[in-house]
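Under numbering that gives the first Met the number 0, the residues of the sequence shown are numbered 0 to 134, in order. Beta carbons: idealized from backbone N, C-alpha and C, even for Gly.
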Amino acid sequence: MNTTQKIDIPLHDIKPLVEIQDYSLYYFSAVVIVGSFIVLALLYLVYRYLKHKNKVNTRKEYYKKLEAINLKDTKKAAYELTKYGLIFADDNSRNAKTYEELIDHLAQYKYKKEVGDFDAQTKRYIDLYRGMIDV
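See below:
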């Protein structure tokens with residue numbers, strides 16, 4: 000036998016190549032997009048939670064300062080009542096009216112070198128205004 004002899008055997012069981020539809024890239028892209036949206040939504044919720052948690056409530060702080068004012072130091076108390084009471088004046092028309100009347104009564108205790116103690120009517124306005132505030 001000749002080693003260079005060619006053996007020609009017909010092969011009938013091999014089929015031609017067939018194109019297979021592959022959707023794995025689309026599935027992967029969809030999973031990445033949905034996963035990204037979920038991660039971004041979670042990050043946003045954590046950000047909002049931390050922002051809200053660390054937020055200082057100005058109204059509560061001013062209310063505490065308003066309640067802690069020493070009425071014995073009349074001049075300083077008149078200025079502090081004016082300053083800290085202003086934030087609550089815009090709550091409603093009743094607060095605005097009471098605040099304006101309080102300011103009118105406090106005017107006699109400001110802008111002077113020496114002032115006396117608060118009179119009874121001014122103390123009532125101060126107590127009334129403190130009692131009206133909703134925090």
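Endpoints, the alpha helix (DSSP H) within which residue i is located
{"i": "D7", "result": "D7 -> no alpha helix (DSSP H), and no H or E assigned at all."}
{"i": "G130", "result": "119–131"}
{"i": "V38", "result": "23–53"}
{"i": "Y83", "result": "73–88"}
{"i": "D116", "result": "Neither: D116 is in no alpha helix (DSSP H) and is coded neither H nor E."}
{"i": "K14", "result": "Per DSSP, K14 belongs to no alpha helix (DSSP H) and is neither H nor E."}
{"i": "I19", "result": "Run containing I19: none; DSSP gives neither H nor E here."}
{"i": "Y61", "result": "57–66"}
{"i": "L105", "result": "92–105"}
For residue j and residue i, believed in contact at Cβ under 8 Å, the rounded distance
{"i": "R123", "j": "E66", "result": "With 8 Å as the limit, R123 and E66 do not qualify as a contact, their Cβ atoms being about 16 Å apart."}
{"i": "V134", "j": "Y78", "result": "The Cβ separation is near 22 Å, so there is no contact."}
{"i": "L101", "j": "L85", "result": "With 8 Å as the limit, L101 and L85 do not qualify as a contact, their Cβ atoms being about 10 Å apart."}
{"i": "L49", "j": "T97", "result": "Wrong, their Cβ atoms sit about 38 Å apart, outside the cutoff."}
Any non-hydrogen atom of the ligand MN within 7 Å of residue i CB
{"i": "E60", "result": "Within the structure as shown, the ligand MN is missing, as the structure has no ligands at all."}
Closest residue to residue i among the options (Cα-Cα distance)
{"i": "L121", "options": "Y43, A106, M131", "result": "Note on residue identity: the sequence assigns Thr, not Leu, to residue 121. For the residues Y43, A106, M131, the minimum Cα distance to T121 belongs to A106."}
{"i": "D90", "options": "I19, H51, Y110, R58", "result": "R58"}
{"i": "K88", "options": "L42, H51, M131, L41", "result": "Sequence check: residue 88 is Ala here, not Lys. For the residues L42, H51, M131, L41, the minimum Cα distance to A88 belongs to M131."}
{"i": "N94", "options": "I125, V38, K109, K112", "result": "I125"}
{"i": "Y83", "options": "E99, E60, H104", "result": "E60"}
{"i": "Y110", "options": "K75, G34, S92", "result": "K75"}
Counting pairs of Cβ atoms below 8 Å between the segment 69–79 and the segment 108–118, do you hit three or more? yes
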